[in-house]
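Once you know that position 55 of the sequence shown is 55 in my numbering, the rest is easy, because the numbers rise by one and skip nothing.
A virtual CB, placed ideally from N, CA and C, is assigned to each residue, including glycine.
Note that the coordinates shown come from a computational prediction; the quantities given were computed from them, not determined experimentally.
Take a look at the structure below.
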Amino acid sequence: MKKINIKFGDKLVSVDEKTTLEDFLKHQKVDTRNVATSVNADLILKDKRKDKVLKEKDHVNIFGPITGG
Numbered sequence: 001m002k003k004i005n006i007k008f009g010d011k012l013v014s015v016d017e018k019t020t021l022e023d024f025l026k027h028q029k030v031d032t033r034n035v036a037t038s039v040n041a042d043l044i045l046k047d048k049r050k051d052k053v054l055k056e057k058d059h060v061n062i063f064g065p066i067t068g069g
């Protein structure tokens with residue numbers, strides 16, 4: 001299968017083409033229960049991660065809980 005390069009935080013990572021965000025996070029061993037995710041600065045809701053297919057040069061970020069008031 002063809003590989004694509006994405007950015008994960010500050011690291012360049014090579015993944016299989018057609019990898020979903022959910023699969024990528026599992027492969028990276030990210031505990032996704034209490035994190036938010038974004039791809040190219042667009043928030044990806046937890047229930048949409050399985051549908052978000054990563055593309056060449058995408059930039060994936062994860063964020064812990066944010067509180068405020």
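Rounded separation between residue i and residue j - CA only
i: Ile62; j: Val35; result: 6 angstroms
i: Glu17; j: Asn5; result: 9 angstroms
i: Lys29; j: Ile44; result: 18 angstroms
i: Lys57; j: Asn40; result: 9 angstroms
i: Ser38; j: Phe8; result: 10 angstroms
Burial state of residue i (16 or more Cβ within 10 Å)
i: Thr67; result: exposed
i: Lys46; result: exposed
In DSSP terms, what residue i is bridged to
i: Leu43; result: Ser38
i: Val15; result: Ile4
Proximity below 7 angstroms, CB of residue i to CB of residue j
i: Val53; j: Thr20; result: yes
Given residue i as reference, the closest of the options once Cα atoms are compared
i: Lys112; options: Leu12, Pro65, His59, Asp23; result: For residue 112 there is no data in the structure shown, the boundaries of the chain being 1 and 69.
i: Lys3; options: Leu25, Lys48, Lys55; result: Lys55
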